[in-house]
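Contents: one structure, followed by commentary.
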């Protein structure tokens, strides 16, 4: 299903709308850019909702994959998050991950970025994906938040920061539990928690192929 992707689009729309509320009135170019981003995300969400209703081609033909990660990361950058992406493999002779694995990897990265937007918007985030002989490994690691930021909660599906803390993102209702479930369903593993440096990391290993 594409419900998580729709939730992500709506979350980004909320973020941009919040930024628009505090934008300088004497900077019409910035206002136009923000409105353009909101419109683009809204059109994408509308397309995905139509797909859920069966109006478009079945979702299996349009399922997100590793090829969509650069676009996903760019959307986060345009929303104000400093994100870097590194994808390596597969080497010659090593098969590419199956569609189900690529779909799960995309969703895990998507949810981790959404949580970084919510809990550590000023942090730098590194997304790495490596296709290795023993499976697909991915990590989404953010640097320590600024001192004024509250500590990142262990339950990533927890409540959003209180009002007045800035334009936060509402929870999609999946969070850490949803990411772990995706990995478990494929026979993989996922670990999430604080880093020694004070940041937060989500790391997963998924098999290359599933039945």
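In UniProt numbering, the protein residues as written are 1 to 211. Even glycine gets a Cβ: it sits at the ideal position worked out from N, Cα and C. Keep in mind the model is a prediction, meaning the values are calculated, not measured.
If you look at residue 67, you'll find it isn't in any alpha helix (DSSP H); DSSP assigns it neither H nor E. Remark: C-beta atoms of residue 12 and residue 49 do not approach each other more closely than 9 Å. Bounds of the alpha helix (DSSP H) holding residue 113 are 99-119.
Leaving aside the five residues that flank residue 129 on each side, the residues in its chain whose CB is nearer than 6 Å to its CB run, in chain order, 87, 138.
Collapsing the DSSP output to three states places residue 203 in a strand. One Cα belongs to residue 142, the other to residue 74, and the distance between them is close to 16 Å. Annotation: residue 103 to residue 26 spans about 43 Å, alpha carbon to alpha carbon.
For residue 211, DSSP records no beta bridge to any residue. Per DSSP, residue 178 is one residue of the alpha helix (DSSP H) stretching across 175-185. Setting aside the 5 residues that flank it on each side, residue 17 is surrounded in the same chain by 38, each with a C-beta closer than 7 Å to its C-beta; the list follows chain order. Bounds of the beta strand (DSSP E) holding residue 126 are 124-132. If the five residues before and after residue 186 are omitted, its C-beta is found closer than 8 Å to the C-beta atoms of 100, 101, 104, 206, 207, 210, all from its own chain and listed in chain order.
Residue pairing by DSSP leaves residue 32 without any beta bridge partner. Distance from the CA atom of residue 119 to the CA atom of residue 94, rounded to whole angstroms, is 37 Å. For residue 135, the closest of 183, 83, 126 by C-alpha to C-alpha distance is 183. Residue 17 carries a helical assignment under DSSP once its states are collapsed to helix, strand and coil. By the neighbour-count criterion, in which a residue is buried when 16 or more other Cβ atoms sit within 10 angstroms of its Cβ, residue 197 is exposed.
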